[in-house]
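Please read the structure below before turning to the comments.
Residue numbers (this note's numbering), protein chains in the order written: chain G, 2 to 115; chain A, -9 to 101.
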């Protein structure tokens, strides 16, 4: 059983650019969520996808968008990057029938915006 | 509004000493509370949930609705308990799995 994998692990962008982060869910998991973790903070919920539809969103602007594909892999897209977008972005997956609150996290993609 | 507060950034204890990691929450309804842990060079993972009322790796946590707290406790700390601990809350009426995390407490257990 493979765990949640994310790519790239690190990347550097400049303000105003766009970025795409990728996530492969753990085998058998059909629900994926994305979290932003700024330095010294806990993870903050961005949104969740279930069966290719966004079904929950946190307090993030529309320039944060996502996709989930039929194989349950997912992308997080951020447009018009700002300096404050610098953070670790975590992907987490679970089954639709799994125990509530049990998320399986990837190791994250660390984004630096200059 | 949902909020989780972990007042200690760092908790340093000696091996064999009792440990209590504090967590307070703010939520108008009935929450579900969790503790997540991140060991060095590992990914964030679930340690325990209040609904299960179980002991994991010697850790327990009791939900106190009167004090809106969910403190994590262990009677005798081990060096391998050194890690970052996050308390998290999920609203029961939330259809999706949005977790609200605290800022975390780093536990350092010295020999």
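In this text, a Cβ means the ideal position worked out from N, Cα and C, and glycines have one as well. Bear in mind the structure is a predicted one, so any value in this text is a computation, not a measurement.
Contact between the stretch 4 to 11 of chain A and the stretch 56 to 65 of chain A is present: three or more C-beta pairs spanning the two stretches fall below 8 angstroms.
Pairing residue 69 of chain G with residue 56 of chain G, the inter-Cα distance amounts to about 11 angstroms.
Counted as a single uninterrupted DSSP element, the beta strand (DSSP E) harbouring residue 6 of chain G occupies residues 6 to 8. Residue range 11 to 14 is occupied by the beta strand (DSSP E) that includes residue 14 of chain G. Distance from the CA of residue 62 of chain G to the CA of residue 30 of chain A, rounded to the nearest whole angstrom, comes to 32 angstroms. Taking the C-beta atoms as reference points, residue 21 of chain G is found no nearer than 7 angstroms to residue 115 of chain G. In the DSSP secondary-structure assignment, residue 32 of chain G is bridged to G:51 and G:95.
The three-state reading of DSSP puts residue 82 of chain G in coil, since its state is none of H, G, I, E or B.
Cα atoms of residue 60 of chain A and residue 14 of chain A: separation of roughly 6 angstroms, rounded to the nearest angstrom. Take residue 44 of chain A, set aside five residues on each side of it, and the residues of its chain with a beta-carbon closer than 7 angstroms to its own are 38, in chain order.
Counting along the chain, the unbroken beta strand (DSSP E) around residue 77 of chain A starts and ends at 73 to 81. A Cβ-Cβ contact shorter than 7 angstroms links residue 104 of chain G with residue 95 of chain G. Those residues of the stretch 19 to 33 of chain A placed with their C-beta closer than 7 angstroms to a C-beta in chain G are 22, 24 and 33, ordered along the chain.
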